Amino acid sequence: MAAMECNRWSRQIYLQIISYLLISSAIHSDAEPQVSTQIPAIWSSTHYHHYNELKETLQKLAQDFSSLANVYSVGRTVERRDLFVIHITSNVTDVKPMFKYVANMHGNEAVGRELLLQLSHYLLHNYGKDERVTKLVDSVDIHLMPSANPDGFEAATEGDCYGTKTPSGRENGNGVDLNRDFPDQFNVTDMNNMTAGRQPETLSLMTWIVSNPFVLSANLHGGAVVASYPFDDSKFHKITGQKSASQDDKVFQHLAHVYANSHATMHKGNVCQDDDFKEGITNGAEWYDVPGGMQDFNYVFSNCFEITLELSCCKYPKAENLSVEWENNKEALLLFMEQVHIGIKGRVVDSETKRGIEQAFIQVNGIDHNVTTTKTGHYWRLLLPGIYTVVFSSYGYLPVTKLVVVKKGIVEEVNVELHPIALPHAPDVAVTTSVIPVTFVTPNSAKLSSTTVAPSSEEQSTTRANNMPSSSTLSFVDTSSTPETVNTSGSNIENSSLQFEFKHHHYDDLVAILKNVTKKCPEITRLYSIGQTVENRELYVLEMTDNPGIHEPGEPEFKYIGNMHGNEVVGRELLLYLVQYLCNQYKIDPHIKDLLDNTRIHIMPSMNPDGYEIAREGDFDGFGGRENANGVDLNRNFPDQFHSTKENAILQPETRAVITWILSEPFVLSANLHGGSLVANYPFDDNAENIDRYSKSPDDVVFRQLATVYSQNHPTMHLGQPCGGQGKLNESFPGGITNGAAWYSVAGGMQDWNYLHSNCFELTLEVGCRKYPYAQDLPKYWEDNKKPLIAYIEQVHSGVHGFVLDKNGNGIRNASIHVVGIDHDIVSANFGDYWRLLAPGNYVIVASSHGYSRSTRQVVVPDGTRGIQVNFTLDNEYFDWLQTEDFGILDNIDDRYLNNIELHNSLLKLKNENPTLVQSMANVGHDGLQTFNFIIVSSEV
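Start counting the sequence shown at 3; every next residue gets the next number (this note's numbering).
Set out below in structure tokens:
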């Protein structure tokens, strides 16, 4: 799921970058005046090409080979120079893998810059003459950027081998090293603000990378002779000697070997003084730790595999050496490009419409790194020869698993059809007055199949048939889901009746209980891990529901998390007792059966098993084991809406795993179990002033209701009596509930992050006055908390729920559900199903989705855990016309005017997506910033 998280981030990064670059748009090179530079058929490596000559050379190549090449800019530098790319391929309409070389990122490392100019010349002049070149240009979409730092190059000095001149030219015009300026997987401080403070060159490169489906890439540097592969840094940030292997370490080593072995000298490993690289390759972090590097950004935040090539001992050698460098690198440059054709490729399509599915996931079992499909459903996944199990999946479709044999030197084509998951019949609540009649839905009747509400005549929905394919030996429907499911079939744990053992359970005991529950109740359980801790313990979650492993349409998802602070252990034990209790009672207690049949429950007994192992029984109010193994308080480690602190500057592995998990499932309600006090705590946990003062969320009324449910069902919590401890742990709480910040301000808490970044409402439950009580007291804790734990889960069915459908009865995912007067929207899940927790009362609810008209309803939410079902049908009559008459461009039927910023972005997007048809004419405003004036659309651009 980390990989899926990174795909979600890449989309967010793209939107952030576009918003940031509103007035620094790239200008297509065809808008430049034509030049008269003469480029001979035989390249002459007699001098370096400075900016103006480089620009003229690229434009002349594109002019002379207009059927094979065009030039574009991905953005501008600090000093307003364009970042030019020459795009080389034949038959541009064909579907081909995208490849890129980027050079001169450090302005004084100049060899790569000249090599890419000569490579462009070589490919174009030899197309149709040389069989290898012709095949390469015919089969690969090649993008070459000779200089990512033209400002630095202009400041550098020829002959400066070690960068000792001042200025050296290594950095950009602002004095920033661009290969330290990218978001780093180990140092991300705020996932929602990853563009802040980046250099214009970095932002342009980030945009280019995440908005194009590049498959393979190399970043050309100088100062050594070695092929360096990811990762470039590690979570430890050890200066040198710490290997940081990526999930595709073997593929990257192969790619590095391909270049080194075909280079004239690189494979020796000791070309430069003090170099000692075995076979001419190295893991980046093992050489030296580089946070913020571009090659890691490519791999973590896009589909692209990139390595870094150090090509010469001297960073900026005299031009007389360039011909030798070309001979050293020519074969390696070509052979590396050809590696874009290893592994598997193909297309993922909808089995009914036969249209390509965008953003479908291609996951190779055993490699925790997925790639996604393009807008047309195409994909490329680099793999070494071998036998692989590959899972193809997309939201709203049944996943398909294929066994694939990858052979050496051949790319295996694997095309897949995904079958839409049939949406159960979801009728709308009939509306005869301005207020929807109250329809009560209990957990027992929450599934759509059991509702009896008739749809209105004008909104009768239809259900898509579920035409399942026949299984074969190489293709079968797979209902497993990530995170990776734990296989307990080989366990030798006794399959006996589950008996509670009231003792403190350390890690091995905890795992044994969870596995035993899955053996006792396999039909309602699934054990999986969402990741690992600092000390490599698994973060186990036990899913409990009637159909584990899948999200059922209309069924809400709930989670409990315990032991976030390792020394607060009561919640950990309560959740272990709870899973055993639910397992034991499922077949004998109708109430528990109804709850599990209509709710998908996820229970994580311990988020901090490392800290737990440090804590000690009898430490009632201490701090030993509170933090994780890195000494970080995990409930201060989440990105915060108000404050960036030392404690949340670097996400811990446990935090990152939980964030990924939260974003991977449509959770509706949650609670985080703590200890040391007795109170139900609700958002917000802090405020802008970071003082102890009430901080009201938009859903304050709902949160107070949820907290009260737990408190009132607890025998003593609702009394609000102090625990008798010191300071904050000795406060009294009226009704047994409190606003987090009113108690004490906590920046970086998990409950606020849930509410602000997902659909999930979360409370923090302090379930006992003693953090680590003696084991003999555990039965009393279970007795006090059993009822409120179950009552709280039932609240997931309160409020309003239903489906957002199109006129054909198909679910619309990511539709917005807005409650008038409450500044907090939620979005529909993959089947169009949604759940909006609300306190009893009258509401106006608006459902909307891009490309559809809005639908507004007045709703009465009843008391208690019984919710009301309200289905929305959004009119998409224009959408049908759009598909047949207007190329499916959703923006053309948006029901509002664009503001100036949005208009600018639309023009920028149009130009960037159609560089051969759209030419932008720009001027400079009074503030010196570039603005669009108009665009020209023509086949003769």
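We treat Cβ as the ideally placed atom computed from N, Cα and C, and that holds for glycine.
Because the structure is a prediction, the values reported are computed rather than measured.
ask   = Under three-state DSSP, which class holds residue 561?
value = As a working mapping, residue 561 is identified with position 559 in the sequence shown. Under the three-state reduction of DSSP, residue 561 is assigned to strand.
TODO: Under 8 Å by Cβ, that's how I've got residue 857 and residue 849 pegged, so tell me the actual separation to the nearest angstrom.
DONE: Here residue 857 is taken as the residue at index 855 of the sequence shown, counted from 1. Here residue 849 is taken as the residue at index 847 of the sequence shown, counted from 1. So it is a contact: roughly 5 Å between Cβ atoms.
Margin query: Quick check on the burial criterion: 16 or more other C-beta atoms within 10 angstroms. Buried or exposed for residue 900?
Written below: On the sequence shown, position 898 is the one that residue 900 refers to. Exposed: under 16 other Cβ atoms inside 10 Å.
Practice prompt. Count the other C-beta atoms from every protein chain shown that fall within 10 angstroms of the C-beta of residue 670, then say buried if there are 16 or more, exposed otherwise.
Written response: For the purposes of this step, residue 670 is taken as residue 668 along the sequence shown, with counting starting at 1. Buried: at least 16 other Cβ atoms inside 10 Å.
Check: Within the chosen definition, does the stretch 770 to 779 reach the stretch 710 to 720 through at least 3 CB pairs nearer than 8 Å?
Finding: Taking 8 Å as the limit for Cβ pairs, the verdict is that the stretch 710 to 720 does not touch the stretch 770 to 779.
*Use the C-beta contact count for residue 940: other C-beta atoms within 10 angstroms, 16 or more gives buried, fewer gives exposed.*
On the sequence shown, position 938 is the one that residue 940 refers to. So residue 940 ends up on the exposed side.
### Query
Under the three-state reduction of DSSP, which class applies to residue 210: helix, strand or coil?
For the purposes of this step, residue 210 is taken as the residue at position 208 of the sequence shown. Residue state for residue 210 is assigned as helix, using DSSP reduced to three classes.
Helix or strand or just coil, what does DSSP make of residue 764?
Taking the sequence shown and counting its residues from 1, one reaches residue 764 at position 762. Looking at residue 764 - three-state DSSP - the assignment turns out to be strand.
Item to check | Touching by the beta-carbon criterion (3+ pairs, under 8 Å), the stretch 742 to 759 and the stretch 546 to 555 | outcome: No: the two stretches stay apart, fewer than three of their Cβ pairs being nearer than 8 Å.
Every unbroken beta strand (DSSP E) inside the stretch 807 to 849 [3 residues or more]: Segments of the beta strand (DSSP E) lying fully in the stretch 807 to 849: 818 to 821, 835 to 838.
Per-residue DSSP class, three states only, for residue 716
Counting from one through the sequence shown, the residue named residue 716 turns up at place 714. DSSP places residue 716 in coil when its eight states are reduced to three.
(message) Quick check on residue 866: buried or exposed, where buried means 16 or more other Cβ atoms within 10 Å of its Cβ?
(response) As a position in the sequence shown, residue 866 is number 864, starting the count at 1. Exposure of residue 866 is indicated by the presence of fewer than 16 other C-beta atoms within 10 angstroms of its C-beta.
Residue 76 versus residue 137 - alpha carbon distance: Here residue 76 refers to the residue found at position 74 of the sequence shown. Here residue 137 refers to the residue found at position 135 of the sequence shown. Annotation: residue 76 to residue 137 spans about 27 Å, alpha carbon to alpha carbon.
- prompt: Taking the continuous alpha helix (DSSP H) assigned at residue 100, which residues delimit it?
  reply: Against the sequence shown, residue 100 aligns to sequence position 98. For residue 100, there is no enclosing alpha helix (DSSP H); the residue is part of the beta strand (DSSP E) that begins and ends at 100 to 105.
Q) With distances taken between CB atoms, is the gap from residue 833 to residue 853 smaller than 8 Å? A) In the sequence shown, counting from the first residue as 1, residue 833 sits at position 831. In the sequence shown, counting from the first residue as 1, residue 853 sits at position 851. Residue 853 sits away from residue 833, with the two beta carbons spaced by 8 Å or more.
task: Determine the DSSP secondary structure at residue 546, reduced to helix, strand or coil.
output: Mapped onto the sequence shown, residue 546 falls at position 544. In this structure, residue 546 counts as strand in the three-state DSSP scheme.
Determine which residues share a DSSP beta bridge with residue 684 and list them.
Mapped onto the sequence shown, residue 684 falls at position 682. In DSSP, residue 684 forms a bridge with 741.
Run through the DSSP bridge pairs and tell me what residue 658 is partnered with. Residue 658 sits at position 656 when you count from the first residue of the sequence shown. Bridge partners of residue 658: none, in fact.
request  = Leaving aside the five residues before and after residue 22 along the sequence, list all residues of the same chain whose C-beta is less than 7 Å from its C-beta, in chain order.
outcome  = Taking the first residue of the sequence shown as position 1, residue 22 is located at position 20. Confidence is the limiting factor: at residue 22 the pLDDT is only 49, short of 50, which leaves the residue's position unreliable, though a coordinate-based value still follows. The answer, listed in chain order, is 197, 205.
**Request:** Measure the alpha-carbon distance for residue 923 versus residue 215 and round it to whole angstroms.
**Result:** Here residue 923 corresponds to residue number 921 of the sequence shown, with the count starting at 1. Here residue 215 corresponds to residue number 213 of the sequence shown, with the count starting at 1. So the alpha carbons of these two residues sit roughly 27 Å apart.
- Item | Alpha carbon of residue 760 to alpha carbon of residue 327, nearest angstrom | Position 758 of the sequence shown, counting from 1, holds the residue named residue 760. Position 325 of the sequence shown, counting from 1, holds the residue named residue 327. For residue 760 and residue 327, the distance between alpha carbons rounds to 52 Å.
Cβ neighbour criterion (16 or more within 10 Å) applied to residue 52:
Position 50 of the sequence shown, counting from 1, holds the residue named residue 52. Exposed.
* Any chance the stretch 293 to 302 sits against the stretch 82 to 90, with 3 or more Cβ pairs inside 8 Å? -> Contact fails between the stretch 293 to 302 and the stretch 82 to 90, because fewer than three Cβ pairs, one in each stretch, are under 8 Å apart.
| said: Just to confirm my understanding: we take residue 348, look at its own chain, exclude 5 residues before and 5 after, and list those with CB closer than 8 Å. What are they? | reply: Indexing the sequence shown from 1 puts residue 348 at position 346. Answer for residue 348: 380, 381, 415, 416, 417, 418, listed in chain order.
- Query: So, residue 239 versus residue 311, is the Cβ gap smaller than 8 Å?
  - Reply: Along the sequence shown, read from residue 1 onward, the residue named residue 239 stands at position 237. Along the sequence shown, read from residue 1 onward, the residue named residue 311 stands at position 309. No, the pair does not count as a contact, with Cβ atoms beyond the cut-off.
Practice item. Provide the residue span of the alpha helix (DSSP H) that contains residue 289, from first to last. Key: Here the question's residue 289 lines up with position 287 in the sequence shown. According to the DSSP assignment, residue 289 belongs to the alpha helix (DSSP H) that extends over 286 to 289.
field: Supposed close pair residue 802, residue 861 - CB separation, criterion 8 Å
entry: Here residue 802 is taken as the residue at index 800 of the sequence shown, counted from 1. Here residue 861 is taken as the residue at index 859 of the sequence shown, counted from 1. That belief holds up - the Cβ atoms of residue 802 and residue 861 are roughly 6 Å apart, short of 8 Å.
* Asked: Using the C-alpha atoms, what's the distance from residue 905 back to residue 587?
  -> For the purposes of this step, residue 587 is identified with residue 585 of the sequence shown, where counting begins at 1. For the purposes of this step, residue 905 is identified with residue 903 of the sequence shown, where counting begins at 1. Using only the alpha carbons, I get a separation of about 59 Å.
Using a threshold of 8 Å, state whether the C-beta atoms of residue 544 and residue 513 are closer than that.
-> The residue given as residue 544 occupies position 542 in the sequence shown. The residue given as residue 513 occupies position 511 in the sequence shown. In terms of Cβ geometry, residue 544 and residue 513 do not form a close pair [threshold 8 Å].
| field | Cβ separation of residue 255 and residue 288, assumed to be a contact under 8 Å, to the nearest whole Å | value | Indexing the sequence shown from 1 puts residue 255 at position 253. Indexing the sequence shown from 1 puts residue 288 at position 286. Contact between residue 255 and residue 288 fails: their C-beta atoms lie close to 12 Å from each other, not under 8 Å.
* How far does the beta strand (DSSP E) with residue 674 in it reach, from first residue to last? -> Here the question's residue 674 lines up with position 672 in the sequence shown. Residues 669 to 676.
- Message: Once the 5 residues before and after residue 693 are set aside, which same chain residues still bring their CB inside 7 Å of it?
- Response: Taking the sequence shown and counting its residues from 1, the one referred to as residue 693 is at position 691. Counting only Cβ-Cβ distances below 7 Å, and skipping sequence neighbours, we find 747.
| said: Extract the residue ranges of the beta strand (DSSP E) inside the stretch 348 to 422, only unbroken runs of 3 or more that lie entirely within it. | reply: Within the stretch 348 to 422, the runs of beta strand (DSSP E) at least 3 residues long that lie entirely inside it are, in chain order, 363 to 366, 380 to 383, 388 to 395, 402 to 408, 418 to 422.
Original post:
Any idea which residues DSSP pairs residue 770 with across the strands?
Top reply: In the sequence shown, counting from the first residue as 1, residue 770 sits at position 768. 679.
query = Going along the chain, which unbroken runs of the beta strand (DSSP E) with 3 or more residues stay wholly within the stretch 575 to 626?
reply = Runs of the beta strand (DSSP E) inside the stretch 575 to 626: 602 to 606.
### Query
Taking 7 Å as the line, does the beta carbon of residue 104 fall inside it for any heavy atom of the ligand FAD?
The model depicted lacks the ligand FAD and carries no ligand whatsoever.
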